[in-house]
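To start, the structure under review is shown below, and the notes come after it.
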Amino acid sequence: MDLTPLKIVEELDRYIVGQSAAKRAVAIALRNRFRRASLPPELRDEVMPKNILMIGPTGVGKTEIARRLAKLAKAPFIKVEATKFTEVGYVGRDVESIVRDLTEVSVRLVKAEKMKNVEDKAVEAVNERLLDSLAPIPKQEKSMVNPFGAFFGAQRSSTQNEYDPEWNERVEKAKNKRAEIRRLLEQGELEEYVVEVEVEDQSNPMFDVLSTSGLEEMGINFNDILGGIMPKRKHRRKLTVSEARKILLQEEASRLLDMDAVASEAIEWAEQAGIVFIDEIDKIAGREGGAGPDVSRGGVQRDILPIVEGATVMTKYGPVRTDHILFIAAGAFHTVKPSDLIPELQGRFPIRVELDSLKKADFKRILTEPKNALIKQYIALLEIEGVKLSFTEDGIDKIAEIAEQVNQESENIGARRLHTILERILEEISFNATEIGSSSESTVTIDSAYVEQRLRPITSNRDLSKYIL
């Protein structure tokens, strides 16, 4: 692994502006995984990940940092909201479903990786199935044999073993046609041709009902138990060759995979490299009440404890240990403090990072610097219609200034404010993009005057801006 903490931060800088403290913390956590993997086995199990608590308002990059980190590491990643879970005994999802969902993500990642290894064989099998549908070879009808003759050792005459010359000719023609269609398939000239193929029916309503009845929480997978007794149903569908190829490729690749090996590797990958992002953790902190909608949130904290500390959770693929899964929790902590979490949970998140509120300079950088910057997205989108969008320096400056102003005067929603403002500024251009693109004046310049013109009626009325911006 050549991802040093410095390189990890550099990579995160391509997508996220500022927040260097948070980036450094997650970079160290990721690098420590590599360091741990290089330790002797007896010491490796003793080194636990240092879980991270991110504190900061919405829209400053908490989720994006965790998501980009998981992509960098190519690790199983799942984002959950703490408010979605309830204490065991109440109606709702229990916290162990976090580990089950993470395992599902890991299985998908490993399966996709393994499919690449068998792709060549799968493509050959798919081409054969498509050829069978496009140019089937006629089959010889079997002649009836007298059972008494076979019993008494009577031999068929040599003329009976010879094929019908007309049928032989038909087979030869079919083979020639098949060779020609194979060539066209390989050259990609039949991708839009409609073909009827037999595909497996993926949906099974009975299994879906059983899986939602809580049996999954006991690690019971009815698809595996009853799959052999009740084989998969097949039906014929009319699809284009390109669509049929995608479906058949999945089927053929799955047949070539050893799913037991996939499940075993996926569990190992989830245990050693999994990342869980728990958002809105501040919403389950605070007062303890005996009734009301938040009655079970103290219990949710207690249920999260063993998962974060290290427990074994049963999944349909097998038991999964959570000892070395990295947990990143995040919350705005506007009305509560991290110290309002139960003490045991506070101790499970030793690294605390505060993310800064975004200022005008940050908004300017967000609009222009990241690889997926908003202005780059809008320019690319409208270019499809032939509109050449151009943002001047003072225009970008004005957008950043208004974003900061509205965030201060109303709810602070961070960088998400830019989405709202840009949509409002470009609404007229987006609506008339086809006409503008086909006209002689297809270049549109967004300067401070244009931004003022589009937003003045709203920004001048504070009450109105709360609803529209």
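In this text, residue positions in the sequence shown follow numbering that gives the first Met the number 0: the first is 0, and each later residue adds one.
Here a beta-carbon is modelled for each residue, glycine too, at the ideal position from N, C-alpha and C.
Using a Cβ distance threshold of 8 Å, Ile54 and Leu381 do not count as a contacting pair. Between Val312 and Pro337, the alpha-carbon positions lie close to 27 Å from each other. Taking 3 residues as the minimum length, the beta strand (DSSP E) runs contained wholly in the region 33 to 86 are 51 to 54, 76 to 80, in order along the chain. Restricted to the region 301 to 355, the beta strand (DSSP E) segments that are unbroken, complete and at least 3 residues in length are 311 to 314, 317 to 320, 325 to 330, 350 to 353, listed in chain order. In this structure, DSSP gives Ser409 a state outside helix and strand, which the three-state scheme calls coil.
The three-state reading of DSSP puts Arg13 in coil, since its state is none of H, G, I, E or B.
Here DSSP, grouped into helix, strand and coil, assigns Arg232 to coil. Around the Cβ of Ser439, a 10 Å sphere holds fewer than 16 other Cβ atoms; the residue is exposed. In this structure the region 317 to 337 does not touch the region 117 to 129; the number of beta carbon pairs closer than 8 Å is below three. For Leu454, the secondary structure class from DSSP, reduced to helix, strand or coil, is helix. Asp281: not part of any alpha helix (DSSP H); DSSP gives it neither H nor E. When the Cα atoms are used, Glu264 and Ala310 turn out to be separated by approximately 19 Å. For Glu195, there is no enclosing alpha helix (DSSP H); the residue is part of the beta strand (DSSP E) that begins and ends at 193 to 199. Taking the C-beta atoms as reference points, Leu357 is found no nearer than 8 Å to Leu421. For Thr367, the uninterrupted alpha helix (DSSP H) segment begins and ends at 359 to 367. Between Ile274 and Phe76, the C-beta gap is smaller than 8 Å, which places the two residues in contact. The beta carbon of Glu251 is closer than 7 Å to those of Ala121, Ala124, Val125 in its chain, skipping five residues each way along the sequence. The C-alpha of Ala414 is placed about 21 Å away from the C-alpha of Arg23. Judged by beta-carbon spacing, Leu129 lies within the 8 Å limit of Val194, meaning their Cβ atoms are closer than that value. Closest option to Val117, judged by alpha-carbon separation, among Ile378, Leu248, Ala448: Leu248. Annotated as proximal: Val450 and Ile398, with beta-carbon spacing under 8 Å. Just so you know, the alpha carbons of Glu168 and Val240 end up roughly 28 Å apart. Rounded to whole angstroms, the separation of the alpha carbons of Lys387 and Lys245 is 36 Å. Annotation: Pro135 to Met114 spans about 28 Å, alpha carbon to alpha carbon.
Taking each of Asp257, Ser19, Leu29, Arg236 in turn and checking the Cα distance to Gln271, the smallest one comes out for Leu29. The C-alpha of Ile365 is placed about 30 Å away from the C-alpha of Val104.
Only residues of its own chain outside the window of five on either side were considered, and among them Ala284, Gly285 have a CB closer than 7 Å to the CB of Asp339, listed in chain order. 8 Å or more divides the Cβ of Thr82 from the Cβ of Glu343. One alpha carbon belongs to Leu189, the other to Glu199, and they sit about 23 Å apart. Under the three-state reduction of DSSP, Val117 is assigned to coil, being neither helix nor strand.
Here the alpha carbons of Glu185 and Arg236 stand approximately 22 Å from one another. CA-CA distance, Asn175 to Asp12, rounds to 58 Å.
DSSP, reduced to helix, strand and coil, places Lys6 within a helical segment of the structure shown. A residue is called buried when at least 16 other Cβ atoms come within 10 angstroms of its Cβ; Lys315 meets this threshold and is buried. Judged by DSSP in its simplified three-state form, Val275 adopts strand.
Residue nearest to Glu392 within the set Val98, Lys6, Asp446 is Asp446 (criterion: CA-CA distance).
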